[in-house]
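J.: Counting in this note's numbering, the sequence shown runs from 901 upward without gaps.
Positions of the beta carbon are idealized from the N, C-alpha and C atoms, including for glycine.
Let me begin by handing over the structure; questions about it come next.
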Amino acid sequence: MQTPSSAPTPSGPRPIPAGPAKDIDTITTATPIVRVDESADLPDRTIDVLIVGGGPAGCAAALAALRERPEASVVIADAAAFPRDKTCGDGIAPHGLDVLRDLGVTDAVAGYQPVDRMRLRTPGGAEVATPSARASYVVPREVFDARLVAAARARGAHLVRRRVRTLEFADRPRPDGRGREPVVVVNGALTARVVIGADGANSVVRRGLNLAANPPEAMAIAVRAYADLPADERPPEQFIHMTDDGWPAYAWSFPIGDGRANIGYGMLRSRLTGGDDGTSAKTVLHRTLARMLPQTPADPTTLRAHHLPLSTHRPRQPNGPVLLAGDAASLINPLTGEGIYYALLSGSLAGQAAVGAANPAGAGRRYRRSLDAELGRHLRHTALLAGLVGRRRTMMDAAVRAARTRTELYDTLVEIGLGRGTIPASSLTRLAVRRTMSGRR
901 MQTPSSAPTP SGPRPIPAGP AKDIDTITTA TPIVRVDESA DLPDRTIDVL
951 IVGGGPAGCA AALAALRERP EASVVIADAA AFPRDKTCGD GIAPHGLDVL
1001 RDLGVTDAVA GYQPVDRMRL RTPGGAEVAT PSARASYVVP REVFDARLVA
1051 AARARGAHLV RRRVRTLEFA DRPRPDGRGR EPVVVVNGAL TARVVIGADG
1101 ANSVVRRGLN LAANPPEAMA IAVRAYADLP ADERPPEQFI HMTDDGWPAY
1151 AWSFPIGDGR ANIGYGMLRS RLTGGDDGTS AKTVLHRTLA RMLPQTPADP
1201 TTLRAHHLPL STHRPRQPNG PVLLAGDAAS LINPLTGEGI YYALLSGSLA
1251 GQAAVGAANP AGAGRRYRRS LDAELGRHLR HTALLAGLVG RRRTMMDAAV
1301 RAARTRTELY DTLVEIGLGR GTIPASSLTR LAVRRTMSGR R
């Protein structure tokens, strides 16, 4: 992914073409990304909400906080300059767009064509390719995230380029001179009433709360690249190819719409080892990706690996003025690796809680309750399914075979994998018994 070198104008954000373009009529030249400058007018007082991380979770938090309290001071701190590449599958599920629409952002995927087909292929050879009830989009994060940052800044958020290293609790004199108030101090300089950690899988904010990272069995690792798609007259589709090697594991190919696809391969960190020939674990990832998607060889300059902390090992959101959203809260679907919807939804809820609590100390409890109300049942069901599928690959074969003739089952699988779907009541008891029996073997 290349970024144009033209300098931003002093007057603020301006559109610039995304690249690299295939030709003058491709979708990338028709859909600008936004170069985002750092704010020059930072608040000179205690910040109401300081958000660490300018990805989907952080931007959703800023948008939600300012929707609830337009006069609030909201600052996004990120180590990167936008636009920037972010290692990801780039798939934007419709559920995430629902969250953005509720936050007043309607153009995050503008210019990109909808993809309403998904093809699933299991290790046992079962395959289903059915149009989904609602289309997804594939938008490079270089574009998507820059658009969200620009939307947050247009709403009133400030952007600062900072690498956050420390987090501490203190108290400071109140602005009205009446006593002191508790604050969170970041990097020894920025003080805030509430801090939202939206800083990804290696969250500094999470470590500052003394919350451990996910163990290897609840951490996936994936390699992502971009590739040219072969000419094909078939309608675009998102393709997921599962494999027995290191099960549960799969490769993906998601068409962007400009002749390229986002491709990748992911598996549990606990299952990844070096090759029998002495090659590194990194080489194993690259070789497996090439073997599973031979028709779309990766552009080697775009190969990047990243960790995905799965929701099967979520930290409990503590009480108090520091909240965790998105990957920092281990909100990654353990069945599909989907995380953008979770990031947008949790970020939105965190932003609301940050400004909605009567006392900043109550923000953590308020956010924890709202997140459980929205996603708790879904997360419990995905954990149940992940445990069963991880032990019995044949369950996935059977589910995909059945989905070929049962549209309602296919739609249920998509909702569980991409949204907040739950297991139908008719199946839940049977699956719970199966998990119990599996645990006794």
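Can you tell me whether Asp1128 is helix, strand or coil according to DSSP?
T.: The answer is strand: DSSP assigns Asp1128 an E or B state.
J.: Spell out a yes or no on whether the region 966-984 and the region 1263-1282 are touching, meaning 3 or more CB-CB pairs, one atom from each, closer than 8 Å.
T.: Touching, no, given that fewer than three Cβ pairs across the two stretches are closer than 8 Å.
J.: For the putative contact between Asp948 and Arg1080, defined by C-beta atoms under 8 Å, what is the C-beta separation to the nearest angstrom?
T.: So it is not a contact: roughly 17 Å between Cβ atoms.
J.: What number of angstroms, rounded off, separates the C-alpha of Ala1198 from the C-alpha of Ala1257?
T.: The straight-line gap from Cα to Cα measures roughly 48 Å.
J.: Can you look up Ser1327 in the DSSP assignment and give me helix, strand or coil?
T.: Reduced to three states, the DSSP call for Ser1327 is helix.
J.: Could you tell me whether the Cβ atoms of Arg1222 and Leu1090 are closer together than 9 Å?
T.: The amino acid at residue 1222 is misidentified as Arg; the sequence shows Val. Going by C-beta atoms, Val1222 is not nearer than 9 Å to Leu1090.
J.: Residue ranges of each beta strand (DSSP E) run of no fewer than 3 residues wholly in the region 1027-1081, ordered along the chain?
T.: The qualifying runs are 1027-1038, 1058-1061 and 1067-1073.
J.: Run through the DSSP bridge pairs and tell me what Pro1209 is partnered with.
T.: DSSP lists Met1119 as partners of Pro1209.
J.: Determine the direct distance from the alpha carbon of Ala1122 to that of His1207, and round the result to whole angstroms.
T.: Rounded to the nearest angstrom, the two C-alpha atoms are 6 Å apart.
J.: Once DSSP output is grouped into helix, strand and coil, what is the label at Gln1252?
T.: Gln1252: helix per DSSP, three-state reduction.
J.: Only counting the same chain, and skipping five residues up and downstream in sequence, which positions put a Cβ closer than 7 Å to that of Gly1321?
T.: His1278, Thr1312 and Glu1315, listed in sequence order.
J.: Quick one: using the 10 Å Cβ neighbour count with 16 as the cut-off for buried, is Glu971 buried or exposed?
T.: So Glu971 counts as exposed.
J.: Is Thr1143 helix, strand or coil by DSSP?
T.: Note: Thr1143 maps to strand in three-state DSSP.
J.: Would Thr928 be called buried (16 or more neighbouring beta carbons within 10 Å of its own) or exposed?
T.: Confidence in Thr928 is poor, its pLDDT being 32 and thus under 50, which makes the residue's placement too unreliable to answer from.
J.: By the DSSP assignment, the beta strand (DSSP E) with Arg1017 in it spans what residues?
T.: Val1015 to Arg1021 is the extent of the beta strand (DSSP E) around Arg1017.
J.: Quick one: residues in its chain with C-beta nearer than 8 Å to the C-beta of Pro1324, no 5 flanking neighbours on either side, listed in chain order?
T.: Closer than 8 Å at the Cβ level, and outside the excluded window around Pro1324, lie Thr1312.
J.: Residues in the same chain with beta-carbon distance under 8 Å from Arg1017, minus the five sequence neighbours each way, listed in chain order, please.
T.: Excluding sequence neighbours, Arg1017 sits near Ala1029, Thr1030, Pro1031, Ser1032, Pro1135, Pro1136, Glu1137 and Gln1138.
J.: Have a look at Thr1183, Gly1262, Leu1189 and Pro1115 and flag the residue whose alpha-carbon is nearest the alpha-carbon of Ala1149.
T.: Closest by alpha carbon: Leu1189.
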